[in-house]
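Sequence lines, in order, name chains G and V.
For the first sequence, the positions run 1 to 224 when our numbering is used.
For the second sequence, the positions run 225 to 478 when our numbering is used.
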Amino acid sequence: MIFINIKVIEEYGPIILSGLNKTAILTVGGFGMGFAFGSILAFTQCFGGRISSRVATAIEESLRSIPLLVLMLLIFFGLPEVGLSLTPVQSAILAIGLRSMAYQSQILRSAILAIPRGQIEAALSLGMTKAQLFTTVIAPQALRIAIPGLVNQFTIDLKDTSIAYAIGVSELFTEAVHVAQVALDYLTPLVFVGAIYFVITFAASSIMSRVYKRIAIPGLGASQ
Amino acid sequence: MSGEILRVDNLWKSYSETPVLRGVSFEVLRGEVKVIMGPSGSGKSTLLRCINLLVRPDKGRISLEGKEVFPKPYDSIHRIRQKIGFVFQSYNLFLHMTVLDNVRVGLIKVKKLSKEEATKRAMEALRIVGIGPELWNKYPAQLSGGQQQRVAIARAIAMEPTIMLMDEPTSALDPELVGEVLNVIRDLAKQKMTMLIVTHELDFALEVADEIMVLDGGKIVERGKPSEILNNPKHPRTRRFIERLRRRVEHGHR
Ligand SMILES: Nc1ncnc2c1ncn2[C@@H]1O[C@H](COP(=O)(O)OP(=O)(O)OP(=O)(O)O)[C@@H](O)[C@H]1O
Ligand SMILES: [Mg+2]
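Right, dumping it as structure tokens:
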């Protein structure tokens with residue numbers, strides 16, 4: 001390809017790749033936090049009292065309506081004002097995590113609601129407590145139904161780590177921009193990171209779809 | 225062994241001001257099979273759901289083996305429910321579990337039996353309903369409706385309930401599958417399982433029921449021996465209702 005300068009990749013490739021480390025930390029941290037709190041939100045929305053489920057919905061909707069960049073800057077520059085200063089990496093994880101939480105709670109909630117109500121009644125009729133109902137009937141089915149949505153959210157979180165550029169986290173994209181400024185070539189580093197994001201996203205999707213097939217059960221959302 | 229298993233006294237239930245049950249009273253003795261019939265919307269499902277507390281009644285009294293279940297439960301609700309088997313119209317098997325797991329999950333999680341003991345009991349229950357080992361590792365979606373309903377019955381009887389409640393257990397089935405499920409229930413009746421069944425299968429009711437109760441507008445409008453109710457109903461509405469059921473059977477619908 002004529003626009004890509006192989007020499008730039010040879011010389012600066014390792015520097016760009018050194019950003020993978022932070023990208024991985026932000027992705028896993030943000031997605032993990034999103035899953036933990038997203039599950040709690042979804043559970044509250046489905047099984048909580050009227051007030052707590054309203055509060056959960058309000059949290060979810062407000063977080064979904066703020067652009068991630070704004071959220072990240074608010075956390076990084078705003079929290080110190082109230083006496084809580086976070087490092088750039090911590091701020092980025094928190095922002096990505098909150099955003100991911102809002103989306104994951106929505107994914108998990110619709111998965112929980114997709115379980116036929118009759119099964120819940122059947123579990124209660126056997127004498128299960130609410131906790132037993134949740135762990136043996138709801139969670140295993142909801143997770144299977146939610147997997148495609150969760151994988152999709154994981155890849156979105158991965159790509160959104162590039163926004164941490166704005167607060168100076170040295171992740172993949174930031175490194176690429178730095179290289180671009182030094183090498184006076186924007187296209188090559190950007191195509192290079194673009195390809196890296198693509199490869200990771202593609203790998204994650206295909207690994208998950210294999211997992212998905214392995215745990216598929218006839219008649220449940222995860223089949224076919 | 226005789227004695228009273230279930231007693232329902234003056235039970236009332238409304239959904240947002242609309243009364244659905246209006247003072248229902250009856251009892252079921254040990255080993256008895258009682259059948260409830262009645263037009264759609266008469267409150268049959270609501271009545272069964274009140275008995276195992278899936279729905280909270282507004283007023284009245286329910287007791288199980290002489291111990292109060294409503295309004296003041298003698299034990300926690302989930303422990304009381306263990307004693308009441310429930311079979312639903314739409315089977316409601318757990319879709320992510322095999323046949324065997326569906327039947328033993330209650331024994332393991334709720335009754336805290338060891339896995340071996342639970343498996344043994346589950347296999348026994350599956351044999352009773354005629355589900356052979358070749359189906360034990362299949363998932364519900366791989367079974368016919370009749371097989372699913374028999375697994376659901378096995379799941380309930382494996383818990384060794386003191387009474388079984390069945391809400392139209394055959395009305396979601398294709399006509400050719402109704403017989404296999406009714407046969408299982410017939411066998412349970414022969415084993416003197418105490419049962420309260422909502423069904424509109426007239427011949428079946430005539431054969432197994434000790435008493436038929438007709439529910440209409442949230443009240444028991446007529447009750448008695450199956451032969452009396454089915455052949456010589458007193459209440460004009462009951463007469464029309466039974467005639468309608470007869471016609472449906474003649475036309476092959478269920
Ligand atoms: N959860 C609910 N909320 C509001 N109304 C309800 C609810 N459940 C039942 N009802 C109403 O109560 C009435 C009795 O319902 P129920 O299901 O007990 O009747 P049924 O005799 O079982 O009827 P069917 O033969 O159609 O099953 C119906 O009018 C129904 O619409
Ligand atoms: Mg009903």
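For every residue, glycine included, the Cβ atom is placed at its ideal position computed from N, Cα and C.
Enumerate in chain order the residues of its own chain whose CB-to-CB distance from residue i is below 8 Å, with the five nearest sequence positions on each side excluded.
i: residue 220 of chain G; result: 141, 144 and 145
i: residue 124 of chain G; result: 133
i: residue 402 of chain V; result: 370, 394, 425 and 478
So that I know if they touch, is there some Cβ in chain G lying closer than 8 Å to that of residue i?
i: residue 281 of chain V; result: no
i: residue 413 of chain V; result: no
i: residue 318 of chain V; result: yes
i: residue 478 of chain V; result: Note on residue 478 of chain V: pLDDT 49, under 50, position unreliable in the model; no value is reported.
i: residue 276 of chain V; result: yes
i: residue 388 of chain V; result: no
i: residue 294 of chain V; result: no
i: residue 460 of chain V; result: no
i: residue 417 of chain V; result: no
i: residue 231 of chain V; result: no
i: residue 314 of chain V; result: yes
Taking just the CA atoms, how far does residue j sit from residue i?
i: residue 348 of chain V; j: residue 129 of chain G; result: 25 Å
i: residue 189 of chain G; j: residue 165 of chain G; result: 15 Å
i: residue 470 of chain V; j: residue 277 of chain V; result: 33 Å
i: residue 87 of chain G; j: residue 369 of chain V; result: 59 Å
i: residue 194 of chain G; j: residue 36 of chain G; result: 29 Å
i: residue 421 of chain V; j: residue 457 of chain V; result: 20 Å
i: residue 12 of chain G; j: residue 56 of chain G; result: 46 Å
i: residue 316 of chain V; j: residue 358 of chain V; result: 21 Å
i: residue 301 of chain V; j: residue 117 of chain G; result: 19 Å
i: residue 297 of chain V; j: residue 308 of chain V; result: 14 Å
i: residue 461 of chain V; j: residue 239 of chain V; result: 24 Å
i: residue 8 of chain G; j: residue 69 of chain G; result: 30 Å
i: residue 304 of chain V; j: residue 326 of chain V; result: 20 Å
i: residue 344 of chain V; j: residue 100 of chain G; result: 46 Å
i: residue 171 of chain G; j: residue 375 of chain V; result: 55 Å
i: residue 311 of chain V; j: residue 381 of chain V; result: 10 Å
i: residue 440 of chain V; j: residue 450 of chain V; result: 17 Å
Give a yes or no on whether 8 Å exceeds the smallest Cβ distance from residue i to chain V.
i: residue 38 of chain G; result: no
i: residue 127 of chain G; result: yes
i: residue 136 of chain G; result: yes
i: residue 131 of chain G; result: no
i: residue 67 of chain G; result: no
i: residue 140 of chain G; result: yes
i: residue 122 of chain G; result: yes
i: residue 149 of chain G; result: no
i: residue 54 of chain G; result: no
i: residue 74 of chain G; result: no
If you follow the alpha helix (DSSP H) that residue i is part of, which residue opens it and which one closes it?
i: residue 341 of chain V; result: 339 to 352
i: residue 375 of chain V; result: 369 to 382
i: residue 170 of chain G; result: Here residue 170 of chain G belongs to no alpha helix (DSSP H), and DSSP marks it neither H nor E.
i: residue 160 of chain G; result: 139 to 160
i: residue 242 of chain V; result: First-last for residue 242 of chain V: 242 to 253, but that is the beta strand (DSSP E), not the alpha helix (DSSP H).
i: residue 391 of chain V; result: Careful: residue 391 of chain V lies outside any alpha helix (DSSP H), inside the beta strand (DSSP E) at 387 to 391.
i: residue 52 of chain G; result: 50 to 64
i: residue 426 of chain V; result: 426 to 432
I think residue i touches residue j, with their Cβ atoms under 8 Å apart; what is that distance to the nearest whole Å?
i: residue 109 of chain G; j: residue 42 of chain G; result: 4 Å
i: residue 363 of chain V; j: residue 319 of chain V; result: 7 Å
i: residue 137 of chain G; j: residue 153 of chain G; result: Incorrect: roughly 24 Å between the Cβ atoms, too far for contact.
i: residue 151 of chain G; j: residue 208 of chain G; result: 4 Å
i: residue 419 of chain V; j: residue 257 of chain V; result: 5 Å
i: residue 397 of chain V; j: residue 378 of chain V; result: Their Cβ separation, rounded to whole angstroms, is 16 Å, which puts residue 397 of chain V and residue 378 of chain V out of contact at 8 Å.
i: residue 429 of chain V; j: residue 232 of chain V; result: Not a contact, Cβ separation roughly 20 Å.
i: residue 287 of chain V; j: residue 279 of chain V; result: Not confirmed; about 17 Å, so no contact.
i: residue 4 of chain G; j: residue 187 of chain G; result: 7 Å
Counting along the chain, where does the beta strand (DSSP E) carrying residue i start and finish?
i: residue 287 of chain V; result: 283 to 288
i: residue 279 of chain V; result: Segment: none, residue 279 of chain V is in no beta strand (DSSP E) and carries neither H nor E.
i: residue 291 of chain V; result: 291 to 294
i: residue 194 of chain G; result: First-last for residue 194 of chain G: 187 to 214, but that is the alpha helix (DSSP H), not the beta strand (DSSP E).
i: residue 86 of chain G; result: Element bounds for residue 86 of chain G: n/a, residue is neither H nor E.
i: residue 446 of chain V; result: 443 to 448
i: residue 234 of chain V; result: 228 to 239
By Cβ distance below 7 Å, which residues in the same chain neighbour residue i in space, the five residues on each side in sequence not counted?
i: residue 223 of chain G; result: For residue 223 of chain G, the pLDDT reaches just 44, beneath the cut-off of 50, and the residue's location in the model is therefore unreliable, although a value from the coordinates is still provided. Once the five neighbours on either side are set aside, the close Cβ partners of residue 223 of chain G are 216 and 217.
i: residue 155 of chain G; result: 201, 204 and 205
i: residue 98 of chain G; result: 63 and 71
i: residue 18 of chain G; result: 175
i: residue 417 of chain V; result: 388
i: residue 406 of chain V; result: 394, 425 and 428
Short of 6 Å in beta carbon distance, which residues of its chain neighbour residue i, apart from the five on each side in sequence? Order them along the chain.
i: residue 283 of chain V; result: 236
i: residue 76 of chain G; result: 91 and 167
Within the present structure, is the beta-carbon of residue i separated from the nearest heavy atom of ligand 3 by less than 7 Å?
i: residue 157 of chain G; result: By its list of ligands, the structure shown excludes ligand 3, since it contains just ligand 1 and ligand 2.
May I ask you to list, following chain order, the residues of the region 324 to 337 of chain V that have a beta carbon less than 7 Å from some beta carbon of chain A? The question asks about chain A, but that chain is absent: this structure's protein chains are G and V.
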